[in-house]
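Visitor: I have a structure here, written as structure tokens, and I will follow up with some questions on it.
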Amino acid sequence: MFIAQKLRSQSLSAYLIYMYQVEDLIRAYGLDTDRIAADYLPRFGYDEKQMAEAKEWYESLARMMKEEGKEQTGHVQVVQNTLDLLEDHHQERLADSDEHDYRAAYYKALPHIVALRTQGNNKAKHEMENCIDALYGATLLRMQGKELSASTQAALKPISELLRLDEEANKL
Numbered sequence: 447m448f449i450a451q452k453l454r455s456q457s458l459s460a461y462l463i464y465m466y467q468v469e470d471l472i473r474a475y476g477l478d479t480d481r482i483a484a485d486y487l488p489r490f491g492y493d494e495k496q497m498a499e500a501k502e503w504y505e506s507l508a509r510m511m512k513e514e515g516k517e518q519t520g521h522v523q524v525v526q527n528t529l530d531l532l533e534d535h536h537q538e539r540l541a542d543s544d545e546h547d548y549r550a551a552y553y554k555a556l557p558h559i560v561a562l563r564t565q566g567n568n569k570a571k572h573e574m575e576n577c578i579d580a581l582y583g584a585t586l587l588r589m590q591g592k593e594l595s596a597s598t599q600a601a602l603k604p605i606s607e608l609l610r611l612d613e614e615a616n617k618l
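Okay, so the sequence shown: first residue is 447 according to this note's numbering, each after it adds one.
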């Protein structure tokens, strides 16, 4: 919760990747927030008040996941809304004829975005969600101690640059 608040104000991309991790963590604990409070949250050295706030936040997210049918996959509405905000901003910048640098970055990233969209269940997702999915996938691989191939690293570079330019221009 505390990390999410900080990231939300600094970088939507980092916030979204973090929230993807939180959703997966909640799923890994079987949406059991008592287990999260007992096994996971103590790692952070929270005082009693912080622990209660963090547990309440995880309970709220777990409840949303249940209510929205996201127990196994997908993103809660608050995360989806943030993805949609990022996409709206992206589309506005693409439509702006003065956004030469952004459009150039977009066209560098586009072949990689198209490749992502043709894989698996990415066809219905918008471009920015595909970009965040790619960065999250790379994050998961790194967390598992796996090396990213040279082609994956090459694909992530223009995607990361596009997201950086998007956030840099307008702190969302």
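Note that CB positions come from ideal geometry on N, CA and C, so glycine has one too.
Should the segment 548-562 be regarded as contacting the segment 518-532, the criterion being three or more beta carbon pairs within less than 8 Å?
Guide: no
Visitor: Output the residue ranges of the alpha helix (DSSP H) runs that lie fully inside the segment 517-578 and measure 4 residues or longer, sorted by chain position.
Guide: Runs of the alpha helix (DSSP H) inside the segment 517-578: 523-541 and 546-564.
Visitor: Is the Cβ-Cβ distance between D530 and H572 less than 9 Å?
Guide: yes
Visitor: From L618 to L581, what distance separates their C-alpha atoms?
Guide: Summary for L618: the model assigns pLDDT 47, below 50, so the residue's position carries little reliability, and this model does not support an answer.
Visitor: Can you list, in chain order, the residues of its chain whose CB lies under 8 Å from that of K516, leaving out five sequence neighbours each side?
Guide: E469, M510 and V522
Visitor: To the nearest angstrom, how far is the alpha carbon of R588 from that of S597?
Guide: 15 Å
Visitor: Between E538, S543, M574 and I578, which lies nearest to Q467 when the distance is taken from Cα to Cα?
Guide: I578
Visitor: Is the distance from the Cβ of L532 to the Cβ of A508 below 9 Å?
Guide: no
Visitor: Taking the C-alpha atoms as reference points, what is the distance between K495 and L453?
Guide: 21 Å
Visitor: Pull up the distance between the alpha-carbon of Q676 and that of D542, whole angstroms please.
Guide: Shown here, the chain extends from 447 to 618; a query on residue 676 therefore has no answer.
Visitor: Three-state secondary structure (DSSP) at S506?
Guide: helix
Visitor: Can you tell me the Cα-Cα spacing of L471 and I482, whole angstroms?
Guide: Per the coordinates, the alpha-carbon of L471 lies some 9 Å from the alpha-carbon of I482.
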